Amino acid sequence: MYSDRVKASERLVEAAQDLLWERGYVGTSPRAIQQRAGAGQGSMYHHFAGKPALALAAIRRSAQELRAAAEAALGGGGTAYGRIEAYLLRERDVLRGCPLGRLAMDPDVVADDALRAPVDETLDWLRARLAGIVQEGVDRGEFATGLDPRHTAATIVAVVQGGYVLARAAGDAAAFDTAARGLLALLAPGGRATADTRGKHARTEAADAASEEGDA
1071 MYSDRVKASE RLVEAAQDLL WERGYVGTSP RAIQQRAGAG QGSMYHHFAG KPALALAAIR
1131 RSAQELRAAA EAALGGGGTA YGRIEAYLLR ERDVLRGCPL GRLAMDPDVV ADDALRAPVD
1191 ETLDWLRARL AGIVQEGVDR GEFATGLDPR HTAATIVAVV QGGYVLARAA GDAAAFDTAA
1251 RGLLALLAPG GRATADTRGK HARTEAADAA SEEGDA
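Okay, structure coming up:
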């Protein structure tokens, strides 16, 4: 019985995550969550006091997942530049947008201190994590000594979020890739990595062309 309850609560949280990502807070009704989760009304209100409590659990889960995905790239070995590159170019469902970034633009989430808190905390963590890596790069001579870590970290986050918006507007994930690689070219130490980045971009275009030919 207990395991069934745990499974139901997990399904409800996952369903709320997906619906908040797709529809926003207002568009995510309790009935839609129940239908997506395959759970009844009684089950939902057994585990959660109401929609706000379930939405908060879902937002917290999305925040945890974003941190884990970012840390998987940023926490790897190698140069500061390489870790930032790994973060910018990591696999993403670009056309769906950033689950937290979309919530940050949701007026109902922004207006609620409790719902907004996990979003703010995660973005603050991400900027601080990136700033620390940029500082490492400056200390090691990878980046120019005049590069401001906090400003650079904020720029990286802005490019990622803006890249999602551009990609969704164009209906093409390549818009995100272009923005990310453009930032990498600007950050590249001494122009060496700029050439590497261009080479990777060329290889990506070639691979995309080959894939399109295969589909045809």
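Once you know that position 144 of the sequence shown is 1214 in our numbering, the rest is easy, because the numbers rise by one and skip nothing.
Glycine included, each C-beta is placed from N, C-alpha and C at the ideal position.
As the structure is a prediction and not an experimental result, all values here were calculated from the model.
When the Cα atoms are used, what is the spatial distance from residue i to residue j?
i, j, result
"Y1234", "V1164", "6 Å"
"T1215", "A1150", "14 Å"
"G1097", "I1129", "15 Å"
"D1190", "L1124", "18 Å"
"R1137", "L1193", "9 Å"
"L1159", "A1250", "7 Å"
"F1048", "V1227", "In the structure as shown, the chain begins at 1071 and stops at 1286. Residue 1048 is therefore absent and cannot be evaluated."
"R1081", "F1118", "13 Å"
"L1090", "A1107", "13 Å"
So for residue i, helix, strand or coil by DSSP?
i, result
"F1118", "coil"
"V1235", "helix"
"G1147", "coil"
"P1194", "Looking at the sequence provided, one finds Asp at residue 1194 rather than Pro. Residue state, collapsed to three classes: helix."
"D1218", "coil"
Can you name, in chain order, every residue of its own chain whose Cβ lies under 6 Å from the Cβ of residue i, other than the five neighbours on each side?
i, result
"A1201", "P1219, R1220, A1223"
"G1094", "D1176"
"P1100", "K1121"
"L1173", "V1179, V1189"
Spatial neighbours of residue i within its chain, please: CB distance less than 7 Å, with the 5 preceding and 5 following residues excluded, ordered by chain position.
i, result
"G1171", "Q1231, Y1234"
"Q1111", "Q1104"
"P1259", "Y1151, E1212, F1213"
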